[in-house]
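In the numbering used here, the protein residues as written are 80 to 393.
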């Protein structure tokens, strides 16, 4: 990214270093505020995350839109709820501070690899990062700044009223839309499964995870969300079923809600049901449970299943 909005004077890289030199990133993790750039359909929400391990030491994320903010809050308080496994799956722009000292700016979209910014996106991030720098300077002297509208159910925001002109404003927090999870199960498939014999000694482990090394050729590349199931006695793979996020067809929500049916279809193809199905992911367990309450199969959650881990590493 050699363009002016990133590496030029007053660009993302320079502003990012100014923010890093403040020494406030860890302290900023306790605060959130909103930014509404002129001409943008969405408000953005600034989140600072610190990592004590890994190649990224800190992230400044600009979460895109109210729905994303509501999903983020749900993820914080109910980590196994919703359709996002990681904060990096949320729609956002990110400025990452690597342990090497390098600063990287990327775009994140659900089910995709983090990707390079377009020139227009770079300029948008540059403007928001500059305002973020200003907010951090003010918070350093007044830790109550971003809490001033808390009693009004509103966020402290910086709103760009015209190009380059920003002002403080409260941003009213809308109620989140109702959150529902309904796993669609074809009744004919369920009846076929209920008619199958149950092998009480047959134990199967299953999980759903994204595989960053299995990608489409899109820009940005989409990652594969794979369901893998293993026969625990034979240690052989029973299911290897992958899907890619289609944002025009429900996105990640479809991936997770379709998973129980995809798993049941593969079991029906084998002509029998296991006596026990073991799962690592609490999220997948939650989606499978309503279905397996209709079947004579024990569903259990385990902290780790080593043989399944091996199959996901292959």
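Even glycine gets a Cβ: it sits at the ideal position worked out from N, Cα and C.
All figures in this text were calculated on a predicted structure; none of them were measured in a lab.
Leaving out the 5 sequence neighbours to the left and right, which residues in its chain are closer than 6 Å to residue i when beta-carbon positions are compared?
| i | result |
| --- | --- |
| residue 388 | none |
| residue 379 | 357 |
| residue 121 | 143, 144 |
| residue 364 | 358, 380 |
Taking the DSSP output, what are the residues bridged to residue i?
| i | result |
| --- | --- |
| residue 213 | In DSSP, residue 213 forms no bridge with anything. |
| residue 388 | Looking at the DSSP assignment, residue 388 forms no beta bridge with any residue, so it has no partner. |
| residue 278 | 353 |
| residue 115 | 238 |
| residue 289 | 304 |
Three-state secondary structure (DSSP) at residue i?
| i | result |
| --- | --- |
| residue 196 | coil |
| residue 379 | strand |
| residue 297 | coil |
| residue 179 | coil |
| residue 109 | coil |
| residue 132 | coil |
| residue 121 | coil |
| residue 207 | helix |
| residue 316 | strand |
| residue 86 | helix |
| residue 163 | coil |
| residue 270 | helix |
| residue 258 | coil |
| residue 321 | strand |
| residue 221 | coil |
| residue 346 | helix |
| residue 230 | helix |
| residue 310 | strand |
How long is the line joining the alpha carbons of residue i and residue j, rounded to whole angstroms?
| i | j | result |
| --- | --- | --- |
| residue 264 | residue 323 | 20 Å |
| residue 275 | residue 288 | 28 Å |
| residue 180 | residue 82 | 19 Å |
| residue 219 | residue 226 | 14 Å |
| residue 337 | residue 152 | 24 Å |
| residue 92 | residue 174 | 9 Å |
| residue 238 | residue 191 | 29 Å |
| residue 390 | residue 304 | 14 Å |
| residue 280 | residue 311 | 10 Å |
| residue 114 | residue 297 | 30 Å |
| residue 111 | residue 250 | 12 Å |
| residue 385 | residue 325 | 31 Å |
| residue 376 | residue 382 | 19 Å |
| residue 360 | residue 159 | 8 Å |
| residue 211 | residue 130 | 20 Å |
| residue 392 | residue 318 | 15 Å |
| residue 371 | residue 253 | 36 Å |
| residue 282 | residue 308 | 10 Å |
| residue 162 | residue 103 | 32 Å |
Leaving out five residues before and five after residue i in sequence, what residues of the same chain have Cβ atoms less than 8 Å from its Cβ?
| i | result |
| --- | --- |
| residue 172 | 123, 140, 141, 143, 184, 185, 186, 187, 196, 200, 203, 204, 207 |
| residue 268 | 340, 343, 344, 347 |
| residue 167 | 173, 187, 193 |
| residue 366 | 260, 262, 335, 336, 338, 339 |
| residue 321 | 290, 293, 303, 304, 305, 306 |
| residue 147 | 124, 169, 170, 171 |
Any idea if residue i is buried or exposed, counting beta-carbon neighbours within 10 angstroms, 16 or more meaning buried?
| i | result |
| --- | --- |
| residue 87 | exposed |
| residue 258 | exposed |
| residue 362 | buried |
| residue 277 | exposed |
| residue 222 | exposed |
| residue 95 | buried |
| residue 156 | exposed |
| residue 244 | exposed |
| residue 189 | buried |
| residue 352 | buried |
In its own chain, which residues sit with a C-beta less than 7 Å from the C-beta of residue i, not counting the 5 before and 5 after it?
| i | result |
| --- | --- |
| residue 242 | 117 |
| residue 133 | none |
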